[in-house]
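Numbering (the numbering used here), first residue to last: 63 to 277.
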């Protein structure tokens, strides 16, 4: 897919007459998912290379949280501000990486005004290893009735069956909930630095899998 995508964007770029006005260096793309053959996680950033005059792919950069390495891609304006917020969250929480990238993005968006280059509601999609994906709707606060999906506010008559994230409840029991279901649930916090990972028993694992399947 990435190979075909590169062929398309480079072909389109070659058709542009005014290459200075086009500002190719300010246009990047994120590609993420699981490799069709190996099943391994695949993450690439597609950027314009001024030396070759072509869009090329490169791997996501790495960050560390609780001594473990993670890869994280970011494109667009306010990159430095975003990673500054994310680094502060990782330092304060001292846990393995979980929803901190989304929390940092929401804090960054809240700090912007109408004249800023970025803004709006975050858009969240979870990609599974078996190549299915699950969109998440967004509430600014748990008490807010307004819900956005893919960045668009839902109209009064629209309903979503996707899980809803409350941006003011990170790490709380009602951080994520499904519509028409209780907003509280039992959460296992991420392990602290130095703590061994906890394993659930087989019986609990089967019960949890069934409940998620019913949802």
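Glycine included, every Cβ here is placed at the ideal spot set by N, Cα and C.
Where residue i sits in the DSSP three-state scheme
i	result
residue 158	coil
residue 228	strand
residue 252	coil
residue 194	coil
residue 72	helix
residue 114	coil
residue 64	helix
residue 211	strand
residue 145	helix
residue 137	coil
residue 81	helix
residue 223	coil
residue 216	coil
residue 275	Its pLDDT being 40, under 50, residue 275 is placed unreliably in this model, and the value from its coordinates should be taken loosely. Helix at residue 275.
residue 86	helix
residue 174	coil
Nearest neighbour of residue i, chosen from the options [CA to CA]
i	options	result
residue 187	210, 155, 206	210
residue 167	81, 68, 106, 150	150
residue 147	165, 160, 161, 255	165
residue 97	136, 105, 198	105
residue 219	229, 75, 207	207
residue 65	100, 232, 120, 101	120
residue 107	81, 231, 100, 123	123
Buried or exposed by the 16-neighbour rule on C-beta atoms within 10 Å, applied to residue i
i	result
residue 85	exposed
residue 113	exposed
residue 190	exposed
residue 226	buried
residue 201	buried
residue 183	buried
residue 162	buried
residue 152	buried
residue 273	With a pLDDT of only 38 at residue 273, under the threshold of 50, the placement of this residue in the model should not be trusted; the figure read from the coordinates follows. Residue 273 should be labelled exposed.
residue 265	Confidence is the limiting factor: at residue 265 the pLDDT is only 49, short of 50, which leaves the residue's position unreliable and the question unanswerable from this model.
residue 229	buried
CB-CB length for residue i against residue j, believed under 8 Å
i	j	result
residue 117	residue 87	Going by Cβ atoms, the distance from residue 117 to residue 87 rounds to 10 Å, so no, they are not a contact pair.
residue 170	residue 144	5 Å
Cβ contact check for the region 122 to 136 and the region 212 to 225: 3 or more pairs under 8 Å: No: fewer than three Cβ pairs fall under 8 Å.
Inter-stretch contact at 8 Å, needing at least 3 Cβ pairs: the region 112 to 129 / the region 155 to 165: Taking 8 Å as the limit for Cβ pairs, the verdict is that the region 155 to 165 does touch the region 112 to 129.
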